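Below you'll find the structure, written out as structure tokens, and then a few comments.
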Amino acid sequence: MLGSYLARTRRRRWLPLWGAAGTVGLVSVVNSFEHVRTPVALTLTRTVNGALLGLVVGSVAVLAAAALVRGRSAEGPGRGAAAAGGSVPPSGGTVDILGVGVSRLTFEEAVARAARLVREAGSSGEARLIFTPNPEMLYRAARDPGFAAELGSADMLVADGVGVVWASRVLGAALPERVSGVDLLTRLMEKGGEVHGDRPLRIFLLGSHPGVAEEAAARMTERYDGVSVVGWHHGYFSPEEEAGVLSAVRRARPDLLVVGLGSPRQEKWLVRHRAALGGMAAVGVGGALDVLSGRTRRAPAWLRRLGLEWVYRILSQPRARLGRVPALAGFVVEVFRARLARGRAL
Numbered sequence: 420m421l422g423s424y425l426a427r428t429r430r431r432r433w434l435p436l437w438g439a440a441g442t443v444g445l446v447s448v449v450n451s452f453e454h455v456r457t458p459v460a461l462t463l464t465r466t467v468n469g470a471l472l473g474l475v476v477g478s479v480a481v482l483a484a485a486a487l488v489r490g491r492s493a494e495g496p497g498r499g500a501a502a503a504g505g506s507v508p509p510s511g512g513t514v515d516i517l518g519v520g521v522s523r524l525t526f527e528e529a530v531a532r533a534a535r536l537v538r539e540a541g542s543s544g545e546a547r548l549i550f551t552p553n554p555e556m557l558y559r560a561a562r563d564p565g566f567a568a569e570l571g572s573a574d575m576l577v578a579d580g581v582g583v584v585w586a587s588r589v590l591g592a593a594l595p596e597r598v599s600g601v602d603l604l605t606r607l608m609e610k611g612g613e614v615h616g617d618r619p620l621r622i623f624l625l626g627s628h629p630g631v632a633e634e635a636a637a638r639m640t641e642r643y644d645g646v647s648v649v650g651w652h653h654g655y656f657s658p659e660e661e662a663g664v665l666s667a668v669r670r671a672r673p674d675l676l677v678v679g680l681g682s683p684r685q686e687k688w689l690v691r692h693r694a695a696l697g698g699m700a701a702v703g704v705g706g707a708l709d710v711l712s713g714r715t716r717r718a719p720a721w722l723r724r725l726g727l728e729w730v731y732r733i734l735s736q737p738r739a740r741l742g743r744v745p746a747l748a749g750f751v752v753e754v755f756r757a758r759l760a761r762g763r764a765l
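Numbers 420 to 765, taken from my numbering, label the letters of the sequence shown in order.
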């Protein structure tokens with residue numbers, strides 16, 4: 420009876436996600452016992468964590484094969500969402516995901532808008548903010564109205580994560596594609612002098628561990644002719660040092676402030692100091708400075724094209740990444756809850 424029911428309904432395409440959410444829940448429960456340093460508890464914790472990684476690896480083959488098949492039949496900049504079964508409306512406007520309006524833009528449209536925001540900030544003397552929400556940030560926003568309002572105050576929000584694009588499909592208004600913060604920043608640096616047309620793009624780097632921003636600045640200066648890194652500062656400053664950091668940023672007068680303080684700290688910092696920043700654009704990029712410095716390696720390009728960079732991160736940093744899994748599971752639950760609230764049967 421159950422088999423025939425599943426065969427008749429489109430709900431079956433969501434079963435892997437429900438299964439993943441259940442597995443994540445099990446891992447969360449088991450990990451709660453990790454402080455119990457008995458052989459049985461430790462063995463159980465490691466076994467279930469290993470099972471989760473095995474589940475992820477096994478799912479990659481299926482997801483990759485399906486994405487490749489769908490990708491061959493798709494055309495246009497919105498190929499990811501269209502091929503996966505979601506309708507892709509014309510670009511422009513926003514898609515509401517758990518109360519946050521994410522900009523409906525292709526990657527190149529996002530780059531063009533970011534460049535325009537840089538120019539607008541310089542001409543108006545008023546800061547422009549660009550945020551790059553991922554599933555964890557949107558889950559936090561769903562539970563924290565204050566943070567949701569801070570995200571909503573940005574001039575552009577792009578979908579930094581395949582999970583955000585997936586959520587837009589579930590909610591019935593597919594985003595064209597993922598626009599990661601590091602890719603957006605890289606493309607802006609490639610455009611460099613084209614942003615203003617008559618001079619290099621002036622960038623200030625703020626965030627990560629001491630030494631990382633300097634390394635990123637050196638690599639950026641060497642690689643991008645149209646970029647001038649006018650200053651940097653690590654992200655490990657105290658509240659008492661905050662005024663000095665802000666003063667250093669203002670003195671450098673960058674066109675673009677790149678902030679990698681981690682979420683929600685970077686978004687809260689930028690919203691709090693928006694008026695003081697004046698005529699510059701600012702983008703929150705999370706761990707992008709570690710990537711730009713060369714300290715952290717990105718997933719291979721073919722995995723990024725398939726939207727599976729998150730799998731690479733889990734496998735390469737299991738201890739750090741598994742701690743974030745409960746928030747991802749919560750995001751899945753909130754997305755389904757939002758869809759049900761809209762009266763659309765799965």
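Beta carbons are placed, not taken as given, at the ideal position from N, Cα and C, and that holds for glycine. All of these numbers come straight from a predicted model, not from anything done at the bench.
With DSSP as the reference, please indicate the residues paired to residue i in a beta bridge.
| i | result |
| --- | --- |
| Arg547 | Ala700 |
| Thr640 | Looking at the DSSP assignment, Thr640 forms no beta bridge with any residue, so it has no partner. |
| Leu675 | Ile622, Ala700 |
| Asp388 | For residue 388 there is no data in the structure shown, the boundaries of the chain being 420 and 765. |
Check this for me: beta carbons of residue i and residue j, under 9 Å apart or not?
| i | j | result |
| --- | --- | --- |
| Val649 | Val677 | no |
| Phe766 | Asp602 | The structure shown does not extend to residue 766, since the chain spans only 420 to 765, so no value can be given for it. |
| Asp574 | Leu548 | yes |
| Pro554 | Val519 | no |
| Val646 | Met639 | yes |
| Arg758 | Val589 | yes |
| Arg559 | Ser682 | yes |
| Leu594 | Val702 | no |
| Gly611 | Leu620 | yes |
| Arg606 | Val537 | no |
| Ala546 | Arg693 | yes |
| Tyr731 | Ala718 | yes |
| Arg714 | Gly697 | no |
| Leu570 | Phe550 | yes |
| Val598 | Asp674 | no |
| Phe750 | Ala567 | no |
| Gly654 | Ser627 | yes |
| Ser572 | Ala635 | no |
| Gly679 | Ala707 | yes |
| Val754 | Leu517 | yes |
| Glu596 | Tyr643 | no |
| Ser722 | Ala695 | Per the sequence presented here, residue 722 reads as Leu, with Ser not at that position. Contact: no. |
Helix, strand or coil for residue i? Go by DSSP, reduced to three states.
| i | result |
| --- | --- |
| Met420 | Residue placement at Met420 is flagged as unreliable, the pLDDT there being 44, under the threshold of 50; the coordinate-derived value follows with that caveat. Met420: coil per DSSP, three-state reduction. |
| His652 | strand |
| Leu620 | strand |
| Ser522 | strand |
| Thr715 | coil |
| Ser666 | helix |
| Ser647 | strand |
| Gln736 | coil |
| Gly726 | coil |
| Gly532 | Before going further, note that residue 532 is Arg rather than Gly in the sequence given. The answer is helix: DSSP assigns Arg532 an H, G or I state. |
| Arg743 | coil |
| Ser542 | helix |
| Pro384 | Since the first residue shown for the chain is 420 and the last is 765, residue 384 is missing from the structure and cannot be characterised. |
| Pro564 | helix |
| Leu603 | helix |
| Arg691 | helix |
| Val614 | coil |
| Arg761 | coil |
| Gly749 | helix |
| Pro554 | helix |
| Leu708 | helix |
| Pro683 | coil |
Quick check on the burial criterion: 16 or more other C-beta atoms within 10 angstroms. Buried or exposed for residue i?
| i | result |
| --- | --- |
| Ala480 | Legend: pLDDT at Ala480 = 39, less than 50; position of this residue unreliable, value from coordinates given subsequently. That one is exposed. |
| His652 | buried |
| Asp515 | exposed |
| Arg756 | exposed |
| Ser657 | exposed |
| Gly591 | exposed |
| Gly726 | buried |
| Trp729 | buried |
| Trp688 | buried |
| Arg761 | exposed |
| Ala700 | buried |
| Ala748 | buried |
| Gly663 | exposed |
| Gln736 | exposed |
| Gly582 | buried |
| Glu686 | buried |
- Item | Whole beta strand (DSSP E) elements within the region 566 to 599, 3-residue minimum | The qualifying runs do not exist here; there are none.
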